[in-house]
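Going by the working numbering, the sequence shown opens with residue 83, and the numbers climb by one from there.
All C-beta atoms, glycine included, are put in the ideal place defined by N, C-alpha and C.
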Amino acid sequence: MSLDATEDKVDVRDGIVHSAIPADELARLSDDVISALKTVYDPEIPADIFELGLIYKIDIEDDRMVKIDMTLTAPGCPVAGEMPGWVENAVGAVEGVSGVEVKMTFDPPWTPDRMSEEAQVAVGWY
């Protein structure tokens with residue numbers, strides 16, 4: 083199918099949130115936050131919480147406050163009370179981050195299909 087010049091073109095930039103943080107710094111912060119999240123492990127599963135798919139959303143605000151929505155593999159997880167603190171400590175140590183807010187959610191519930199291929203290999207499911 084060819085694109086007719088009279089057809090409406092979709093602007094792929096629609097919906098992108100613009101930041102006061104320079105693009106190169108935002109990219110570094112994003113990479114560093116993800117790297118920090120990859121240092122946090124569920125003690126019962128040999129994979130980090132990022133690769134397990136426990137991180138649902140990461141927002142880096144203009145004031146460099148990082149807001150994270152995450153879940154656990156199960157609501158009754160034995161480290162449910164400790165995990166948000168681990169995440170706050172890991173991400174809070176990233177250079178340039180002004181603070182960290184972790185919100186736990188179980189909607190949608192976590193399922194193993196959220197795991198990356200790397201996590202599947204780590205737990206022997208791949």
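Query	Result
Through-space distance from residue 153 to residue 163, alpha-carbon basis	12 Å
Residues near residue 168 in its chain [Cβ-Cβ closer than 7 Å; skip 5 each side]	122
Residue 183: first and last residue of the uninterrupted alpha helix (DSSP H) it sits in	That residue, residue 183, is in no alpha helix (DSSP H); its beta strand (DSSP E) goes 181-186.
With 16 other Cβ atoms within 10 Å as the buried cut-off, status of residue 192	buried
Nearest candidate by alpha-carbon position, reference residue 176, set 131, 190, 100, 115	115
Cα-Cα separation between residue 145 and residue 180, rounded to whole angstroms	7 Å
Burial state of residue 105 (16 or more Cβ within 10 Å)	exposed
Buried or exposed by the 16-neighbour rule on C-beta atoms within 10 Å, applied to residue 197	buried
Distance CB(residue 173)-CB(residue 161) smaller than 7 Å	no
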